[in-house]
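> From first to last, the protein sequence lines are chains A and B.
Note that this note's numbering has the first sequence beginning at 1, numbered continuously upward.
Note that this note's numbering has the second sequence beginning at 59, numbered continuously upward.
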Amino acid sequence: MSFEDMDYLEIDYDSSTFTILKEGKFYTYDINSEIYLLDKILDSGNVEYEIYGQERQL
Amino acid sequence: MNEKEISDTLLFGRFATRNKSKAFALKEELDKRSKEAIRQENGKQYLTEWRVGYVIRDRIVIEIDSHDIENVRKVNSFYSNLYQSPFTVVKTMHGFHLIQKQECKDTFEYNACRLLYPTLKHGEEKGYREAIYNLNQKLKQEREGKEFTKTQLQAMAKEVPNRLKADGLFCGHGEFDILHALNGIGRDRYVLRISKKTPEDNMEVINI
Numbered sequence: 001m002s003f004e005d006m007d008y009l010e011i012d013y014d015s016s017t018f019t020i021l022k023e024g025k026f027y028t029y030d031i032n033s034e035i036y037l038l039d040k041i042l043d044s045g046n047v048e049y050e051i052y053g054q055e056r057q058l
Numbered sequence: 059m060n061e062k063e064i065s066d067t068l069l070f071g072r073f074a075t076r077n078k079s080k081a082f083a084l085k086e087e088l089d090k091r092s093k094e095a096i097r098q099e100n101g102k103q104y105l106t107e108w109r110v111g112y113v114i115r116d117r118i119v120i121e122i123d124s125h126d127i128e129n130v131r132k133v134n135s136f137y138s139n140l141y142q143s144p145f146t147v148v149k150t151m152h153g154f155h156l157i158q159k160q161e162c163k164d165t166f167e168y169n170a171c172r173l174l175y176p177t178l179k180h181g182e183e184k185g186y187r188e189a190i191y192n193l194n195q196k197l198k199q200e201r202e203g204k205e206f207t208k209t210q211l212q213a214m215a216k217e218v219p220n221r222l223k224a225d226g227l228f229c230g231h232g233e234f235d236i237l238h239a240l241n242g243i244g245r246d247r248y249v250l251r252i253s254k255k256t257p258e259d260n261m262e263v264i265n266i
């Protein structure tokens with residue numbers, strides 16, 4: 001089962017988390033790492049996300 | 059998220075999805091693995107941090123890497139006039155995003171080229187793209203047969219805007235991220251980071 005197939009459960013804005021059900025287990029993620037502003041600006045129903053790496057010197 | 063998706067992302071450096079939760083879950087997993095695989099080079103340590111970006115294919119996006127407000131006004135005013143379309147100005151941790159308010163799906167290629175070369179005439183965009191492609195090939199040829207460290211390659215990427223100017227392929231207005239603009243032409247899309255680098259990494263719409 002991939003994350004495409006997971007059951008989306010809820011977003012809790014009070015605790016800034018969202019919870020999903022995957023393979024019978026609950027997983028909770030922090031949504032503070034996410035910025036929703038662009039959704040509002042672009043107001044697009046056909047959204048695509050890209051994950052990419054950036055290297056930095058420690 | 060399966061192991062193949064993770065290994066593909068590590069191999070190609072990129073992964074795309076329409077599922078926001080999946081994007082952030084993948085980023086979290088890759089960040090965990092990166093911490094266990096810190097690269098060493100010449101006594102220095104390098105960490106790969108993973109980002110989630112929003113893909114934009116239907117309007118022009120300009121990235122500015124400083125908080126120089128006069129420069130943002132200059133860029134905003136010039137390109138709003140050029141495109142006859144206003145921009146939303148978003149202040150970020152290290153600079154600004156200028157996001158075109160009106161869609162320009164049908165003229166995206168032309169407008170993306172005009173960001174770097176505002177005097178380009180309609181219909182000349184194919185030739186301009188070709189010139190950029192040829193410059194890229196020339197740079198590749200210069201590197202052919204030589205071995206470079208990753209750090210040297212990164213430094214070379216930063217030199218690309220200077221080469222663009224030297225070859226007469228840039229006459230843009232104000233200071234903005236030329237590599238971001240080049241990527242927009244090469245990939246027919248812009249990718250705007252939405253994941254935070256730090257908890258204080260907020261974005262706000264501003265009036266300038």
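Here a beta-carbon is modelled for each residue, glycine too, at the ideal position from N, C-alpha and C.
Inspect the beta-carbon positions of B/T106 and A/Q57 and report whether they are closer than 8 Å.
Against a cut-off of 8 Å, the Cβ pair of A/Q57 and B/T106 comes out as no contact.
> Around the Cβ of B/I114, are there at least 16 other Cβ atoms within 10 angstroms (buried) or fewer (exposed)?
With 16 or more Cβ atoms within 10 Å of its Cβ, B/I114 is classed as buried.
> Inspect the beta-carbon positions of B/A171 and B/Y186 and report whether they are closer than 8 Å.
Inspection of the sequence shows that residue 171 of chain B is occupied by Cys rather than by Ala. It is a contact, given that the beta carbons lie within the stated cut-off.
> Under a three-way DSSP split, which group does B/I264 fall into?
DSSP places B/I264 in strand when its eight states are reduced to three.
> Among B/F73, B/F70, B/D66, B/I118, whose alpha-carbon lies nearest the alpha-carbon of B/D164?
The shortest Cα separation from B/D164 among B/F73, B/F70, B/D66, B/I118 belongs to B/I118.
> Find the nearest neighbour of B/F136 within the set B/T177, B/L88, B/E99, judged by alpha-carbon distance.
Out of B/T177, B/L88, B/E99, B/T177 has the C-alpha closest to the C-alpha of B/F136.
> Can a CB atom of chain B be found closer than 8 Å to the CB of A/G24?
So, not an interface residue.
> Report buried or exposed for B/K102, applying the criterion of at least 16 other Cβ atoms within 10 angstroms of its Cβ.
Exposed: under 16 other Cβ atoms inside 10 Å.
> Assuming B/S124 and B/E233 make a contact with CB atoms under 8 Å, what is their CB distance in whole Å?
With 8 Å as the limit, B/S124 and B/E233 qualify as a contact, their Cβ atoms being about 7 Å apart.
> By the 10 Å Cβ neighbour count, where 16 or more other Cβ atoms means buried, how is B/M261 classified, buried or exposed?
By the neighbour-count rule (16 or more Cβ atoms within 10 Å), B/M261 is buried.
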